[in-house]
Every structure is written in C-alpha cells, then in structure tokens.
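Novice: Sending over a structure as structure tokens; questions will come in a sec.
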Amino acid sequence: MYYKKPDNWLEHWDFLILDTLFLQAAYIVSCVLRNGLKNPYESQTYLDVGIMICYTGICAIFFMDGHKEIMKRNWIKELKSTAKYVGSVLAVEAAYLFLTKRGESFSRMAFLVFGILALWGVFLERVFWKKISRKWKAGSGSRRGLLLFAESKNVHAILQSLKSNDDNAIKVVGVVLADSDDKVGEVIENTRVVCQKDAMLTYIRTNWVDEILICAKEDGLQEDQFAERCIEMGVTVHRQIAEVAENLRQRQIERIGNYVVMSFSARFVSWKQMALKRVIDICGALVGLLFTGVIAVFLCPAIYLASPGPVLFSQIRVGKNGRRFRIYKFRSMYLDAEERKKELLERNKMKGCMFKVDADPRIIGSGKDGTRRGLGWFIRKLSIDEFPQFWNVLRGEMSLVGTRPPTLDEWEHYDLHHRARLAVKPGLTGIWQVSGRSNVVDFEEVVRMDKEYIQTWSIGLDIRIILKTMLVVLTGQGAK
Numbered sequence: 001m002y003y004k005k006p007d008n009w010l011e012h013w014d015f016l017i018l019d020t021l022f023l024q025a026a027y028i029v030s031c032v033l034r035n036g037l038k039n040p041y042e043s044q045t046y047l048d049v050g051i052m053i054c055y056t057g058i059c060a061i062f063f064m065d066g067h068k069e070i071m072k073r074n075w076i077k078e079l080k081s082t083a084k085y086v087g088s089v090l091a092v093e094a095a096y097l098f099l100t101k102r103g104e105s106f107s108r109m110a111f112l113v114f115g116i117l118a119l120w121g122v123f124l125e126r127v128f129w130k131k132i133s134r135k136w137k138a139g140s141g142s143r144r145g146l147l148l149f150a151e152s153k154n155v156h157a158i159l160q161s162l163k164s165n166d167d168n169a170i171k172v173v174g175v176v177l178a179d180s181d182d183k184v185g186e187v188i189e190n191t192r193v194v195c196q197k198d199a200m201l202t203y204i205r206t207n208w209v210d211e212i213l214i215c216a217k218e219d220g221l222q223e224d225q226f227a228e229r230c231i232e233m234g235v236t237v238h239r240q241i242a243e244v245a246e247n248l249r250q251r252q253i254e255r256i257g258n259y260v261v262m263s264f265s266a267r268f269v270s271w272k273q274m275a276l277k278r279v280i281d282i283c284g285a286l287v288g289l290l291f292t293g294v295i296a297v298f299l300c301p302a303i304y305l306a307s308p309g310p311v312l313f314s315q316i317r318v319g320k321n322g323r324r325f326r327i328y329k330f331r332s333m334y335l336d337a338e339e340r341k342k343e344l345l346e347r348n349k350m351k352g353c354m355f356k357v358d359a360d361p362r363i364i365g366s367g368k369d370g371t372r373r374g375l376g377w378f379i380r381k382l383s384i385d386e387f388p389q390f391w392n393v394l395r396g397e398m399s400l401v402g403t404r405p406p407t408l409d410e411w412e413h414y415d416l417h418h419r420a421r422l423a424v425k426p427g428l429t430g431i432w433q434v435s436g437r438s439n440v441v442d443f444e445e446v447v448r449m450d451k452e453y454i455q456t457w458s459i460g461l462d463i464r465i466i467l468k469t470m471l472v473v474l475t476g477q478g479a480k
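Right, dumping it as structure tokens:
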C-alpha cells in the first residue's frame, strides 16, 4: 500500500498546529507585558482579536502555501517565509481593528510586541521542529525504503537528486545497474549495488524494499510483467516518464483524457491562489464601480460638452492567451482619434509594438499642437479614463493587476517571445504602469517586466502593485 501525500497545506499539519499555538502564545505574552497578569480574553475586543489571529493564520497558510517545501528551506528562506506569514496576519488584524473601529480600545504597544514575538517565535519553532522531525524520521522506521534501477551513466546524478530533494522521508536501500552485472558490491554515492538485474525480484522478496524507481529502459526487464510482480508483493513501482532539461523547471504531472502527461509552463499556481486573486478582483471591482458611478455623474456631462458624442470609448483588445474582449474607458480623446493615429505614427516614441506620442493633439482640449492641458489631459493624468474597466474586471476578462492588453494591430506585429506577456489576464494596472510608464520607451523592456511579473507572481506582489498604483495616480507620476 502506498501512502499518497495529502494536499500541500495539510501535508505539514504539525507545523500548522505549532504555528497557530505560537501565534496565540505570542499574543498572550504581548497582552500580559502590556496589561499585567490578567486574562486578556476577559476583554471582548482582545478575545475577538485572538480568535481572528487563529483564523487569519490558518487562512494565510492555506492561500499562500506557507508550508510548501518547508523541510527543504534553509534558515534565510525560512525567516523570509515567516516574515511574510506574520506580516499578512498583522495586516489583516490591523484592517480588522480599523474597520470595526476597535483600534482605540486595543493597545498599539501590545500590537507591536505581538508582531516581534510572533516573528521570532514562529521562526524558531519551525527551525527546531524541522530538526526534531528529521531525527524522528531517521530513527523511527517510518522512512520508505527505495530500490533504484538505473544505467551506470545516470546513477550518480539520480542519487544526488534523490538526496538533495529528500526530507528524510526516503532511504535509498540499494542500487541495481541496468547495463552492468559485474559491479555488485560496489558503493556509489554511499549506496551499495545490491544485486544483478535478473535477481531483483529475489532481492525484493527477501529484503526491505517499499518502493522501486525505474530510471532505465531495458528490453530484457519486461517492465510491465516486472511491475506486476512487484505490485503482487506489495511494492510500489515508480517509472521515470522522461528526462527533462534542467531549465524547464516549472513542470508537473497531469492526466488528460486517458493519458498521463508531463506539463510545462512559465509558472504554475495553485487553485487556492487563483481563487484568492479572483476574490480580490471581485471586491476591488465592486468598490471601483461605485466610484465609477460617482465620477460618471460629473465627468460624463463635461466630456459631452467638450466633445459631443459617446462619453464611453470601447475597443476590442487581446486578453489572456489571445482571447478577444471589449474594453471600456471614459473617452479622453476626440471621436476621430483612431483615424488620426496613422498620421502620428512617425512621432511614436515607443520602440516596438506599442504606440505613444508626446503632446498628442487627439486628446480633448489639447489644441492643434497637443500642448494645451484641457479636460482630456486631466482625465489621463489621474487615470480616470480607466475606471470603466472595473466592469471588465468584474466580468473576469481582466484582473486588477496584470499586463497591458494590446490592440489588435499591436497583437498582429508580436514576435513569439512577446506573446508570453499574455499568459495572464490583462490588468487594470501592472508592474509597467507603476515603474514610470512614460519613461519606458522600449517595448522589449515592457515585455521583460511583464515576464518578470508572471514568473515571480504572488498575492503579496499584487497588493504592493495596487498600493503603489494609488500613490502613482494621486501624485500623477508616470502619466503624461
């Protein structure tokens, strides 16, 4: 019988329990240091915050995959992971106190001390529990005994890979070489060659072997029949699907129809992360649409008076992986802006598949030379024209944070590597927009930043970009 690991956040249930206990212990100690030796839970506010800390800590682990590969982290990575975990808990608690208007009845000093104690308490708990857990697995007999069947040229690399990616859950009990029968008894990477390939079934029957890993193609082995015999003996069989280039790091095994396949992507994310991103998008879109409605009451008449015609501009854009959708904006340009675009192509300051000009005469109220600052300039300076796109976010065509959606004519000129920036939903804002977009004039630099965003994406990165966007919009940085 083979024990399959549970979903990642439950795999390390021991760390989940310990993290929760140490968070609560840090909270109690911080309250005692501030308020003296009395039960902090006697106060309804302090009791509610304590309960919220438990819920928030568990949700943070669930949505952030906080325990993913925890046994393989060194202390520096663990400290960073713990800081992110505790920081998210503190952020939620601060928001809770602010929204419930309980901040006045909760000690700021206790809150600060809690953050410091939680950071170092959880960090030290994780470090020491990993050491205890490794020693326990090594001595408890709970490790799985793995027999390796491989070719001589690959056996060193395979053994090194098994050891470097092991958290003491597996012990390689022996090696069998597919292409050499005269090396029995030799030691390779501290692991002995235990028998010839023809004697493997006998060896498995008479020795400790929980699993066998087959990393060699050998006609004489008759793999299917051999696998059946192993399964009959209760031994789990693992077959190497294919050798994968080291640079193709983002990969996972999936089932498509009746086929088991290895899938490769620029980035894999869990459904939990995507669900949380969608929840943030929906909440942000609903709030944004409320502001859009208020703004529209004042802005729509002003647009119509300055340039009679539709107050909304719509255009077909290219979304995630080539999907077409209709984008909406408050109109900041004259009605013939798209027709006049051809006249301005020679003034395009962007290198590559994007269009942007300084002193654009198509902007409402800009004058013939495009230098006057009228209504259109005001709309674009504060990015007010983008507000109707909250509707696209609510519909799921866009996200709050992503990459800029190209127009159809821009899309037609894309090279192969340009398409990578559309691996995610287009965003209302993005890493390019908060990096001084008017100062970036090379489309290749935009592509580089977008690919970096995709490869390093996290909920925390989205939140930082949203906060930075607010600062950029309020100060008018980057927009011209």
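The numbering of the sequence shown is UniProt numbering, which starts it at 1 and goes up by one.
A virtual CB, placed ideally from N, CA and C, is assigned to each residue, including glycine.
Just so you know, these numbers come straight off a predicted model, no measurement behind them.
1) Verify whether the separation of the beta carbon atoms of Pro-388 and Arg-404 is less than 8 Å.
2) Between which residues of its own chain and residue 498 is the CB-CB distance below 7 Å, once the five residues before and five after are set aside?
3) Between Val-193 and Glu-186, how many whole angstroms is the CB-CB distance? I'm expecting something under 8 Å.
4) I'd like to check one pair, Ile-58 with Gly-16: are the Cβ atoms closer than 8 Å?
5) Can you have a look at Gln-433 and say buried or exposed, based on whether 16 or more other CB atoms are within 10 angstroms of its CB?
6) Let me know the secondary structure DSSP gives Ser-399 once reduced to three states.
7) Could you check whether Val-393 and Leu-345 sit closer than 8 Å to each other, using their CB atoms as the reference points?
8) Just how far apart, CA to CA, sit Glu-445 and Arg-340?
9) Given that a residue counts as buried once 16 or more other Cβ atoms are within 10 Å of its Cβ, and exposed if not, what is Ser-140?
10) Around the Cβ of Ser-307, are there at least 16 other Cβ atoms within 10 angstroms (buried) or fewer (exposed)?
11) Alpha carbons only, please: which of Cys-353, Met-354 and Trp-377 is nearest the one belonging to Pro-361?
12) Within a Cβ cutoff of 6 Å, which residues of the same chain sit near Tyr-3, ignoring the five residues on either side of it in sequence?
13) Since I believe Ala-60 is in contact with Tyr-85 (beta carbons under 8 Å), could you give me their beta-carbon distance rounded to a whole number of angstroms?
14) Any chance the segment 97-106 sits against the segment 147-166, with 3 or more Cβ pairs inside 8 Å?
15) Under the three-state reduction of DSSP, which class applies to residue 482: helix, strand or coil?
16) Anyone know if the C-beta pair for Ile-239 and Ile-214 falls short of 8 Å?
17) On the three-state DSSP scale, how would you describe Ser-366?
18) Out of Asp-182, Phe-298, Ile-241 and Leu-146, state which residue places its alpha-carbon closest to the alpha-carbon of Val-173.
19) Decide if Pro-406 is buried, meaning its Cβ has at least 16 other Cβ atoms within 10 Å, or exposed.
20) Does the Cβ-Cβ distance between Leu-124 and Ala-83 come in under 8 Å?
21) Should Met-262 go down as buried or exposed, given a rule of 16 or more other Cβ atoms within 10 Å for buried?
22) So Arg-276 packs on Ile-459, CB below 8 Å; how close in whole Å?
23) Please state whether DSSP places Ala-216 in a helix, a strand or coil.
24) Given Ile-327, which residues of its chain have a CB within under 7 Å of its CB, disregarding the five upstream and five downstream residues?
Specialist: On the basis of the data shown:
1) no
2) Missing from the structure shown is residue 498; the chain here goes from 1 to 480 and no further.
3) 5 Å
4) It is worth fixing the name first, because residue 16 is Leu in this sequence and not Gly. The answer is yes: Cβ separation under 8 Å.
5) buried
6) strand
7) no
8) 27 Å
9) Annotation note: pLDDT 49 at Ser-140 (below 50); position unreliable, coordinate value reported separately. That one is exposed.
10) buried
11) Trp-377
12) Caution applies to Tyr-3, whose pLDDT of 48 falls short of 50 and renders its modelled position unreliable; the value that the coordinates give is listed next. None.
13) 6 Å
14) no
15) Nothing can be reported for residue 482, as the shown portion of the chain is limited to 1 through 480.
16) Going by the sequence as given, residue 239 is Arg instead of Ile. In this structure, Ile-214 lies closer than 8 Å to Arg-239 by Cβ.
17) coil
18) Leu-146
19) buried
20) no
21) exposed
22) According to the sequence as given, residue 276 is Leu; it is not Arg. With a Cβ gap of about 6 Å, Leu-276 and Ile-459 count as contacting.
23) coil
24) Ser-314, Gln-315, Arg-317, Gln-389, Asn-392 and Pro-405
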